[in-house]
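K.L.:
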Amino acid sequence: MTHPAALFKIRAAQASDAAAWRQLRRALWPHADDIEHARDIARQLDAPARHACFIASPPGILAPVGFAEVAVRHDDVNGCGASPVLFLEGVFVEPAARRRGVARALCAAAAAWGTARGCAAFASDAPLENAASHALHRALGFDETERVVFFRKPLAR
1 MTHPAALFKI RAAQASDAAA WRQLRRALWP HADDIEHARD IARQLDAPAR
51 HACFIASPPG ILAPVGFAEV AVRHDDVNGC GASPVLFLEG VFVEPAARRR
101 GVARALCAAA AAWGTARGCA AFASDAPLEN AASHALHRAL GFDETERVVF
151 FRKPLAR
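Position 43, counted from 1, in the sequence shown is what UniProt numbering calls 43; the numbers after and before it change by one each time, with no gaps.
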């Protein structure tokens with residue numbers, strides 16, 4: 001039996017994918033405007049040694065139904081004791097294509113890319129209240145390393 005994810009083509013995003021990629025980003029990060037999405041996409045395309053985006057498309061259809069963005073990070077990534085670390089900046093699959101292994105296939109492609117660049121670990125984060133993201137990360141083989149709440153105090157000028 002063919003695994004459902006095998007029916008999806010996973011490939012690295014290119015400049016020609018920018019419009020469809022931006023549409024998927026809008027679904028994941030609706031608070032960002034199109035200018036911010038376009039700037040982020042251009043930044044990733046301009047630094048292929050540090051950033052990658054993988055997209056998933058059904059057979060015979062050019063429009064992607066999912067994406068995973070990753071970055072190679074050399075800073076101190078929480079829960080990782082080595083560097084560099086592959087960091088999952090975002091993963092999204094259209095609701096109609098979910099539960100078919102698409103996110104797993106996207107992350108596997110990303111992990112292979114990171115391994116080829118010498119990454120010691122694959123890390124990610126998720127908001128405390130996003131239980132669905134926590135479940136997805138666990139299903140993808142990620143282990144929770146810590147929980148954190150950030151605080152801020154304005155300083156007088």
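All C-beta atoms, glycine included, are put in the ideal place defined by N, C-alpha and C.
#1: Less than 7 Å between C-beta atoms, sequence neighbours within five positions excluded: which residues of the same chain meet that for E89?
#2: CA-CA distance, V13 and P127?
#3: Where R99 and A116 are concerned, what is the direct C-alpha to C-alpha distance, given to the nearest angstrom?
#4: State yes or no: is the beta carbon of I61 nearer than 8 Å to at least one beta carbon in chain C?
#5: Taking DSSP's pairing of strands, which residues face K9 in a bridge?
#6: Considering only residues of the UniProt domain "N-acetyltransferase" (8-157), which uninterrupted beta strand (DSSP E) runs meet the minimum length of 3 residues and lie entirely inside it, listed in chain order?
#7: Work out the CA separation of S124 and V93 for me, nearest whole Å.
#8: Here's the rule: buried if 16 or more other CB atoms are within 10 angstroms of the residue's CB, otherwise exposed. What is R25?
#9: Between the alpha carbons of A112 and R152, how many angstroms are there, rounded?
P.N.:
Concretely, from the data shown:
#1: E69, V70 and A71
#2: Here the sequence assigns Ala to residue 13, which means Val is not the residue at that position. Each residue's alpha carbon lies about 26 Å from the other.
#3: Between R99 and A116, the C-alpha separation is close to 28 Å.
#4: Of the protein chains in the structure, only one exists, and it is not chain C.
#5: S57
#6: 9-12, 51-57, 66-73, 85-93 and 121-124
#7: 17 Å
#8: buried
#9: 37 Å
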